[in-house]
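Chains as they are written, first to last, in the working numbering: chain H, 1 to 257; chain U, 258 to 548; chain G, 549 to 871.
Remarks on the structure that follows.
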């Protein structure tokens, strides 16, 4: 039972082919990962899956429905949410408010409710508050709840992004290089967090460089190189795949594993 | 109903004022290319060109030295604005909007200072060549029109050479294409910024001096000219100086035809409508965007 | 809860910066009690506070740009003027009609214009403001051009009119208070969070399911409603309207107030309006140089205190936003 299917996905930028005829399936539940050397086309892939970029060719199917060409906010409403390689926090909102924005898509109070505050809206706000605080606890940011997001240290910013994404109650969460810039301890904690999230029923799909994180947390791996898929399988299968080893030959990434 | 001579006259006048808009538009592009800022004080430079020339001539300085001195003074004013308004904001990483707003405020300050110094009566400078217009097939071609068009063409050619052949010009182009790479190549970006303001101010001043004999100048003519120059730059594709000139001609033409067809009250509306049409439908302008 | 002073100062709750707000309210109270000339000055400032509060929602919270909100003040003002002076409508009906007109125009204008970004958005909105000004000047049959419309009745309901300056000031204070209360309510809500999210990252907002285009448009329309109300109030208090009242002067004045008071704060509009409104009174003889002073003040504030009075002490993240 796959939650995400990508068929023949291709993206051309003029003469450059960033993604070339990529096909794979991500199983529902658990953690999957897309790996590959720099420039392999991973972020372009994510952009196409999440609706931020239109593929030149190919199809994306989420939860049985085709989502190619659907706008990002609509895709998020359907349960597919993503984070960004360079953290895109809401700088002028507190940590708590950042996560509450994640609750936006599952709530409905509008301008009139904001001014008149009927009982249902107040209930909704209370639920949003409780949910947001629970997620902040989950990622370990409880003592930063009222802090402005812009002043958080980098590692905590990444955690906040994940908490915020979780607030949308996603079926599938795309994390774009969540470990980038984290030290070993933070990466290990991240791995634990990711497995906890997956354990809670949300499928997680990572883009990552960090081999240790990937091999420790992922059940299913897709390998890209020069815009093409070169392998797909379990961590054990990937580690033994000759094409993968060759793609990473000499690269520091493989030596990290 | 359609008098061909009157139409031709209108078109000629439109092209003439279009040259002025074009020069102002080029000024916008020069600063934008060097810094990414839209300098809303551009109109003040235009006003100052004509105004300073007038003031000097009142002191019995002949036309040509007055004009040249005015250009120099205005170029310096450009550098001053860059130093005391733009640079501090730049260093403090202000947002685009804040910088636009600050240059707009600078324009207001300059306008009001001018009002305080010279009063609110419209001023003028004499036409450069005091001869009756040339008559060509019934159309009157004033000598000032010839001056405007001729000077514009010379300036365009000179700018072309400047940007292509001189070290400074190419440095400015480099800044426009990639500021960081330019800095890494040893180009002093801050100096380029000051130079772009000086150049832009000079262009504005020249435009002001050329156009003042045909219409009066006053402390508040800056804003309409700035808007027209900006429209010219947008129509031409923001960032392309020569596109801006083309845009200016087009704007002048559109305005003249609008006045011809619909009456002079709608002159500004015509210009603003052109702006909106381009913003909504083709923001990259006629020639497409430079980058 | 052990929190550092930095955290407390950074807390969004403290955006209601207390001392400047208290002082501003004190000035208004003093004006009401005193009942003399200062009533006119403070009244004018309060009307502008409403206008700036609307601007604050669109530019402060949502981080957008509009150089043309005076267009909606013009629509509200002229609607009120024409409907009450020429057609004898009751003032409240005129105000509501003006707001309705502004909403419609804001929707029509907003949809194409808000797709623009950066300086294109700035210029597009500026063009809107200038076009409305031109219409006010040229559509002589309705607006009377530069001469303007006079004989606009004072505010009131039915046969009961707000005749005295003091009564009008009290009314304005209530309206301004309600406006600021409304902006505060909006900010604290789901909608308010979405607005501020827009100013942080439109992409991230989209990725979380927020319809960015629609949210921007709603903020624009709300801002237009505030502007329209301010325009209507202005013409009833002054008894007169002309294009100059709703032209570029209004834009510069409003921005100065917005930035001096503190953009993005709840009471910033009030603080800025009172400070700037009182400036000509404090510096006698400044009248002739008003715009000069405003322009200079604005430049200085933008450079040295872009957070304005209401946010002194708040640590602002220093990064260059690409807008």
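A virtual CB, placed ideally from N, CA and C, is assigned to each residue, including glycine.
Limits of the unbroken alpha helix (DSSP H) element including residue i
i, result
"residue 418 of chain U", "400-422"
"residue 465 of chain U", "446-468"
"residue 130 of chain H", "119-139"
"residue 212 of chain H", "211-217"
Reduced DSSP secondary structure (H/G/I, E/B, other) of residue i
i, result
"residue 281 of chain U", "helix"
"residue 639 of chain G", "helix"
"residue 791 of chain G", "helix"
"residue 195 of chain H", "helix"
"residue 701 of chain G", "coil"
"residue 87 of chain H", "coil"
"residue 3 of chain H", "strand"
"residue 184 of chain H", "helix"
"residue 164 of chain H", "helix"
"residue 738 of chain G", "helix"
"residue 753 of chain G", "helix"
"residue 474 of chain U", "strand"
"residue 54 of chain H", "coil"
"residue 65 of chain H", "strand"
"residue 100 of chain H", "helix"
"residue 661 of chain G", "helix"
"residue 13 of chain H", "strand"
Residue i and residue j closer than 8 Å at C-beta
i, j, result
"residue 622 of chain G", "residue 670 of chain G", "no"
"residue 633 of chain G", "residue 699 of chain G", "yes"
"residue 843 of chain G", "residue 274 of chain U", "no"
"residue 11 of chain H", "residue 55 of chain H", "yes"
"residue 495 of chain U", "residue 276 of chain U", "no"
"residue 81 of chain H", "residue 755 of chain G", "yes"
"residue 238 of chain H", "residue 43 of chain H", "no"
"residue 479 of chain U", "residue 314 of chain U", "no"
"residue 267 of chain H", "residue 31 of chain H", "Nothing can be reported for residue 267 of chain H: it is not among the residues displayed for chain H, which extend from 1 to 257."
"residue 809 of chain G", "residue 856 of chain G", "yes"
"residue 294 of chain U", "residue 343 of chain U", "yes"
"residue 336 of chain U", "residue 346 of chain U", "no"
"residue 624 of chain G", "residue 607 of chain G", "no"
"residue 773 of chain G", "residue 602 of chain G", "yes"
"residue 812 of chain G", "residue 596 of chain G", "no"
"residue 484 of chain U", "residue 664 of chain G", "no"
"residue 615 of chain G", "residue 654 of chain G", "no"
Spatial neighbours of residue i in its chain, beta-carbon cut-off 6 Å, leaving aside the 5 residues before and after
i, result
"residue 45 of chain H", "19"
"residue 338 of chain U", "298, 363"
"residue 331 of chain U", "302, 305, 306, 458, 462"
"residue 816 of chain G", "809, 810, 856, 858"
"residue 186 of chain H", "155"
"residue 535 of chain U", "491, 492"
Limits of the beta strand (DSSP E) - the one that residue i falls within
i, result
"residue 711 of chain G", "Premise fails: residue 711 of chain G is in no beta strand (DSSP E) and is neither H nor E."
"residue 62 of chain H", "57-62"
"residue 22 of chain H", "16-27"
"residue 176 of chain H", "172-176"
"residue 228 of chain H", "228-233"
"residue 225 of chain H", "220-225"
"residue 32 of chain H", "31-35"
9 Å Cβ cut-off: residues of chain C touching residue i
i, result
"residue 843 of chain G", "Absent from the structure: chain C. Protein chains present are H, U and G."
Other residues of its chain near residue i: CB distance less than 8 Å, five sequence neighbours each side excluded
i, result
"residue 254 of chain H", "For residue 254 of chain H, the predicted model reports a pLDDT of 48, less than 50, meaning its position is unreliable and no value from the coordinates is stated."
Residues of its chain near residue i, where Cβ-Cβ distance is below 7 Å and the 5 sequence neighbours each way are ignored
i, result
"residue 490 of chain U", "282, 285, 286, 501, 504"
"residue 161 of chain H", "83, 87, 89"
"residue 272 of chain U", "506, 509, 510"
"residue 717 of chain G", "579, 580, 587, 590, 591"
Cβ-heavy atom distance, residue i to the ligand NAP, below 7 Å
i, result
"residue 276 of chain U", "Looking for the ligand NAP in the displayed structure turns up nothing, as the structure carries no ligands at all."
Quiz prompt | Near-chain G residues of the region 38-63 of chain H (beta-carbon distance less than 9 Å), N- to C-terminal order | solution = The region 38-63 of chain H vs chain G, Cβ under 9 Å: 50, 51, 52.
Quiz item: Can you list, in chain order, the residues of the region 786-803 of chain G whose Cβ is nearer than 9 Å to any Cβ on chain U?
Solution: So the close ones are 796, 799, 800, 803.
Quiz prompt | Residues of the region 585-614 of chain G with Cβ closer than 7 Å to any Cβ of chain H, in chain order | solution = Residues passing the 7 Å Cβ filter: none.
Practice problem: Give the residues from the region 504-532 of chain U that approach chain G closer than 8 Å (Cβ to any Cβ), ordered along the chain. | Solution: So the list reads 522, 523, 525, 526, 529, 530, 532, given in the order they occur along the chain.
Quiz item: In the region 669-686 of chain G, which residues sit with their C-beta less than 7 Å from some C-beta in chain U, listed in chain order?
Solution: Result list: 670, 671, 672, 675, 678, 679, 682, 686.
Quiz prompt | Members of the region 739-753 of chain G that neighbour chain H once the beta carbon cut-off is set at 8 Å | solution = From the region 739-753 of chain G, only 739, 740, 741, 742, 744, 745, 747, 748, 749, 751, 752, 753 have a Cβ closer than 8 Å to chain H.
Quiz item: For the region 727-739 of chain G, which residues have a beta carbon sitting closer than 7 Å to at least one beta carbon of chain H?
Solution: Hits within the stretch, in order: 730, 733, 734, 737, 738, 739.
Quiz item: Taking any Cβ of chain G, which residues in the region 325-358 of chain U have a Cβ under 8 Å from it, in chain order?
Solution: Taken in chain order, the members of the region 325-358 of chain U whose beta-carbon sits within less than 8 Å of a beta-carbon on chain G are 342, 345, 346, 349, 350, 351, 352, 353, 354, 355, 357, 358.
Quiz item: Listed from N- to C-terminal order along the chain, which residues in the region 295-310 of chain U have their beta-carbon within a distance smaller than 8 Å of any beta-carbon of chain G?
Solution: Those residues of the region 295-310 of chain U placed with their C-beta closer than 8 Å to a C-beta in chain G are 295, ordered along the chain.
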